[in-house]
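Sequence order for the protein chains is P and C. Our numbering numbers the first residue of the first sequence as 1 and each following residue consecutively. Our numbering numbers the first residue of the second sequence as 422 and each following residue consecutively. Beta carbons are placed, not taken as given, at the ideal position from N, Cα and C, and that holds for glycine. Quick caveat, the model's predicted, so the values are computed rather than measured. Scroll down for the structure; my scribbles are underneath it.
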Amino acid sequence: MGTVRFVHCADLHLDTPFRGLSDVAPEVGEALNKATFQSWDNIVDLAIREQVDFIVIAGDVYDSSDRTLRAQFRFRDGLKRLAERGIPSFVAFGNHDPLSGWSNTLDWPESVHAFGAGAVDSCPVIRDGLAVATVHGISYPKEAVTENLSRRFDRPETSLPSVAVLHANVGGDTAHLPYAPTTVEELSSRGFTYWALGHVHAHRILRADAPVIVYPGCSQSRQPNETGAKGCCLVTLADGMLPEVRFVPTDVVRFHQGAVDVSRCDSIDAARRAVIANCRSAADEADGRPLVARLSLTGRTDVHRQLARAGAVPELAADLREELLTLEPWIWLERLALDTRGAYDLDVQRQRQDFVGDIISIYDGLLARGPAELEQLREEIESDLSSWGGRRYLEPLPPGAVRELAEEAMRQTLDLVIAED
Amino acid sequence: MRLREIQVWGFGTFADTRVRGFASGLNVLHGPNEFGKTTLLEFVRRVLFGFPAKRGDINLYPNIRGGRYGGQLVCEMRDGRMLTVSRTTGKSGGALSVEDEHGAALAQDAFYAALGNASSDLYQNLFSVGLTQLYDDNPLTLPEVKDRLYGAGLGLGEVSVTKLKETFSDAAEKLFRPRGSTQRMNVIAGNLSQLERKIRERAAQLARYDESARERERLAAESERLRQQQRELQAGQRTLASRKSLYPTFAGLRAAEQELADLGVVPDIPDETMQDLAQRRQSVASLEERLKETQVRLGAKQAESASLAFDPALLQHEKEIKALSRSLAQYRDARRDLPLLSRDQDEAMAQVQRSIGALGTGWTDERVRSFNLTAEQGDALHRRQDALQARERAAQKAVDRLDDYRVQTRASRARPGLPTLYRAVGLAVLGLGVAGCVYFARNGQALPAILSGVASALGLVVALSLGSASGPLRDRAVEELEQDRKEAERLLEEERSAWAAFVQSLGFAPSLSPDAVAGQLQALRALQVSLREVDERGARISNMKNVVETTGGLFAAVASALAEPVPAADIAAGIETMDARLDSAQDLRTRSEAVRGEIEQLEGRVAPLKTDLAAARSEFETLLAEYGASSFEEFVTLHRRSARARQLRSDIAKSRLAIQAAAGVGESFDAFLASLESTNPEELAARLSGIEEELATVEGRLSGVNQRIGGLDAELSELASSEQLLAWETEAEELRQQLRDAHRDWLRARIGLRAVEQAVARYETTRQPAVIREAQESFSRVTGGRFTTLLNPVGSGDLRVRDASGNERAVPGELSRGTLEQLYLAMRLGLIAQYEQNAEPLPVIMDDILVNFDDERGPLAVRALAEFANDRQVIVMTCHDATRRLYLDAGARELVVEKNTTLL
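Structural data, given as structure tokens:
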């Protein structure tokens, strides 16, 4: 059959807002707004540059809830560029862009095949008049698809390399919605050469042996916890050889999270230098991309009480932002959290026979509670919110959040009540 | 710190006052009302913590007695140091000075730090208490007291439980309140709600994109259909509008054609020909006019010429008349002056004859006229006169000298004489002078002659003088002077003879003296003048006579030649008449000559004009005949018809062109004309109005459709490219993130608050502070065991008491005044004990606090105070002697107040 090369991408989320950020600088906001489009342009450029035989997009091109026509037009423009160079595109739609969300009036290039939602479509990839591979896929008819769509994929009746395109949660990834749930085993049993998956935003190769099962991850991070490189996969299928999967970063802004140990810092200025060093190190790894950094200051330190002073960390963060933003490429310090401890010995304090000893004992008891009890505590406290109209905007706290809050409250309390030596 | 001495320099009623006798433990100061106990209490407080600024009705305790304001406290510190604390007037509470026993100054901050940084309020509330404060002020309500009360026992350092709780509760309150509008979570949620509504609206617009796109396609088709209909209607409108607009042209065409037919055959007379004929006619008329005018002017000139007649003889004697006219004035002068001049002439001649006769015989008119004295003769005459006169003066002088000498000789006969030599010189001078005088007199030189005479006189004087000195010399001088006189007379005679001869040679008588000669000469000259005047006047008279005669002759000759007689009686008037007639004749002659010239010119014009007129008439008539007209008026009529026919043909051509421009040529033109033949303007207007209405309707619909298309295009473009939705989404995401953060902050604050509250509750039940315990014991003791328990929730100023029966009472509402004062006293004692654990004990001053204590509790309170004073200095003040004795019985030491003493 020769060699077949294609680009596998997913979760472009074009023209969708970045999440988890607030009060970003205008230039940063502008760069972030353009980032998903530029990432898509990078994928198209890659396909053209590598002269691939085709490209598959495994869902979530954009968010239907945040749908903008601009996203669809920009997506179509990329597909047109591919079509003009004879590169066919195969698009399966996922939970964020189910078929019900597409505009019917947009004209798609003829070489674009959008998989339907009724059944798995199978399309040959023609090169020089001959079929060199087949691509199979199915789209979400609506957002929430709980059916295991992989079962609709019949074993391909061809000896050509076969690529199955599906937007699915494989293996019950709890960080993502459980749509089209399936398993590696089930996918492995369908007889395809390559499973081009979408849905999970981190690049993962679930199975490196035939059949190869791959999540390319999202093409561009859109929230602080999506750290590291984001991009697509350049796949080469050849006779008698395992598929070659090469991850190619396409992101234009990279996200970074980290803890800055300031236990050896004896001044706020030293802590400041530690943060800058951390950011510079992350920027070096970003390969020339702008960086959005979320950092926390950690460690038992003498400057804890200075840092814990009201307004100290926001002031430090503002100062750092001003400096980091002037770097080329820029770094946006999205958040600087304080997670340091005072120099006092908590165990010693715990032995005190006074109010301080009592309050540590209260916190110890609180933190000794199980998740359910902590959840109960949260519910008790939030009973004040029960009649508040804005309650609907509150998101469920992630697991362990109440404990984190209790620990933070304890540190804050002890910072107040324990006298400095 | 213990007070050892108080020195009041000046404060209220106190001046130069010392209080001494202080000891550790209990001290009592007894004094009646108005003694100044409260003043002393206030003095201690203010020296320690400052003089207050003036505000409200606060008592500033002004220095009534005058002198230095303020004072000092001598204090013994717990470490044994003796400090002198003084304060006087100054800024910020007055100038404070603290010195130890060695005179070393202690910094103000160090001093207050030693006092435990107690504030003025704290000191006033706990340590220096009067009755009013004891009753009115629950010491626990003072925040500083509360924090200090629990701070130590709680182990909280500088932070209080209240502050701790406020930290969390304030944080939570700032983040959220159920019905709040300014709290962060409330604000974010409100903003989010608004933003989501906008996003939903925009999302709904996006959902309409496909529908809008289809609507746009449908409208585009409708627009095209309407545009086609519009084009057809516009074509019909143009046709009808064309017919309507050309109908008048068409009607004009037909009318012109008909009129042209009615005109029949008409020769074509160009306008130029008409103009040519008119010009020829005008030329004939003009020539006729000019000929007539010339002939009239000729007749008039001929008549004028006939009227211009004059006497030719005047012109023939023009020269004579002009000569007469010129001499007229001379003639008149002669006639007027001649008689007068003749009379004057006669008189002058008679006078001349008389004057000649006076000259003497021999003088005639001719001799007088011819007498002439030449210049040489004149000069010689003068010289002769001078010489003669000189001779006469010399002779006289010689006589005078001789006479003078003879007189002098007689007067000076005794005077000695001069030397002979000098006399000889005098005589020599005399001789030379005489010789000179004679010589110059002869030559007519008067001045040298006079000088010579003078010299001779001098010589004579000298000679005489010398001669007087000598007799012989004197005689000789007389002789010489006599000789001189003779010589002079001789010379005079010679000169007289010469004069007579000279005068005679001039024609005068030789006997005439020089003066007589001069008189005759003058008379001769006057006569010569008169004779010349006579001669001149005679010439003039002769001339005048000649003028009169000549003019009269010429006048008579001319007058006789004139046709019209001239009056001869007055020749001068006749000359004037003659001259006037000559001027008139000359003028007539000039005018007659000019008229004759004009007549000749006019006569020369008449013939050519007649020739030109004949030629012009010929040309005019030739042109008339050319177009068959017999008269100019007939020609004009023919020309008018010709011009009308031409105009009609032009109008027809223009109308056809105008119609062809709109309808085309050939068959379409014919069809257009045919269509107009079958209609009329009213019908055309009605049809046009109808089609215009229809067109307006279509265009209105088309405009609406196009506007809708434009709106849809804008909408679709906006939807396809707008970044607004992303901006809103981003903003919403930011708000959600802010809400997440605020939610976490709020939960954290609430968790913290809950933990603190739980810790406080636990502390209250398990770790009641020592101060409460001590106060409880004091209170129980003072009340004789009536009350057993004191309760105080942590961080609050609320108190409750429990009696021996277990009943609780609220404070202060459920306690009597005395009991309440006992409770507050107990509380203060406990608080002071608590305070002293971390700071320098301060002297406690209490002013008559036992007033409301009964006979049982009063002694109990004194005993409690005495026990309390075991570990510190307590100063009690009272105006009651019984109370004083109670204190003294309890071991109190009495203080001594020395007023008006001498203070260092």
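| Asked | Found |
| --- | --- |
| Would you tell me roughly how many angstroms separate the C-alpha atoms of residue 1054 (chain C) and residue 700 (chain C), rounded to the nearest one? | 14 Å |
| Closer than 8 Å, Cβ to any Cβ of chain C: which residues of the region 106 to 129 of chain P, in chain order? | none |
| Express the C-alpha separation of residue 385 (chain P) and residue 394 (chain P) in angstroms, rounding to a whole number. | 10 Å |
| Could you give the first and the last residue of the continuous beta strand (DSSP E) run that contains residue 1298 (chain C)? | 1295 to 1299 |
| When the cut-off is 8 Å and only beta carbons count, does residue 1173 (chain C) lie next to chain P? | yes |
| Mapping the DSSP letters down to three states, classify residue 258 (chain P) as helix, strand or coil. | strand |
| Residues in the region 357 to 386 of chain P with C-beta within 7 Å of chain C's C-beta atoms, listed in sequence order? | 358, 359, 362, 363, 366, 378, 381, 384 |
| Taking Cβ-Cβ distances shorter than 9 Å, what residues in chain P pair up with residue 588 (chain C)? | 412, 413, 416 |
| Roughly how many angstroms lie between the CA atoms of residue 354 (chain P) and residue 1221 (chain C), to the nearest whole one? | 23 Å |
| Is residue 519 (chain C) buried or exposed, if buried means 16 or more other CB atoms sit within 10 Å of its CB? | buried |
| Along the chain, where does the alpha helix (DSSP H) that runs through residue 48 (chain P) open and close? | 26 to 50 |
| Which residue marks the beginning of the beta strand (DSSP E) containing residue 423 (chain C), and which one marks its end? | 423 to 432 |
| At a cut of 8 Å, does the region 725 to 735 of chain C reach the region 998 to 1018 of chain C through at least three beta carbon pairs? | yes |
| Under 8 Å: do the region 193 to 203 of chain P and the region 152 to 171 of chain P share three or more Cβ pairs, one atom per stretch? | yes |
| So residue 809 (chain C) and residue 916 (chain C) are supposed to be a Cβ contact under 8 Å. How far apart are they, rounded? | 5 Å |
| May I ask you to report which of helix, strand or coil DSSP gives residue 853 (chain C)? | helix |
| What do you get for residue 1112 (chain C), buried or exposed, if any count of 16 or more other CB atoms within 10 angstroms of its CB means buried? | buried |
| Taking Cβ-Cβ distances below 7 Å as the criterion, which residues of the region 70 to 97 of chain P are in contact with chain C? | 70, 73 |
| Would DSSP call residue 505 (chain C) helix, strand or coil? | strand |
| Can you check DSSP and say which residues form a bridge with residue 455 (chain C)? | According to DSSP, which records beta bridges pairwise, residue 455 (chain C) is partnered with nothing at all. |
| Please confirm if residue 37 (chain P) has its CB atom under 8 Å from at least one CB of chain C. | no |
| In whole angstroms, what is the alpha-carbon distance linking residue 1315 (chain C) and residue 1210 (chain C)? | 35 Å |
| The region 605 to 630 of chain C: which residues have C-beta closer than 8 Å to a C-beta of chain P, in chain order? | 606, 607, 609, 610, 611, 613, 614, 624, 627, 630 |
| Which residues in the same chain have their Cβ closer than 7 Å to the Cβ of residue 1000 (chain C), if we skip the five residues on either side of it in sequence? | 742, 746 |
| Can you tell me which of the three DSSP states residue 1164 (chain C) falls into? | helix |
| Nearest to residue 238 (chain P) by alpha carbon, out of P:132, P:270, P:208? | P:132 |
| Please name the residues in the region 390 to 402 of chain P whose beta-carbon is closer than 9 Å to at least one beta-carbon of chain C, in chain order. | 390, 391, 392, 393, 394, 395, 397, 401, 402 |
| From which residue to which residue does the beta strand (DSSP E) around residue 300 (chain P) run? | 291 to 300 |
| So, does the region 1104 to 1123 of chain C touch the region 641 to 661 of chain C, judging by three or more C-beta pairs under 8 Å? | yes |
| Quick one: what does DSSP say residue 1144 (chain C) is sitting in, helix, strand or coil? | coil |
| Per DSSP, what kind of secondary structure is residue 249 (chain P) in: helix, strand or coil? | strand |
| Quick one: which chain C residues come within Cβ less than 8 Å of residue 19 (chain P)? | 1154, 1157, 1158 |
| Would you say residue 509 (chain C) reaches chain P, if we count a Cβ-Cβ gap shorter than 8 Å as a contact? | no |
| Report yes or no: is there a C-beta of chain P within less than 8 Å of the C-beta of residue 1280 (chain C)? | no |
| According to DSSP, is residue 803 (chain C) helix, strand or coil? | helix |
| Using the beta-carbon of each residue, which ones in chain P are nearer than 7 Å to residue 1179 (chain C)? | 362 |
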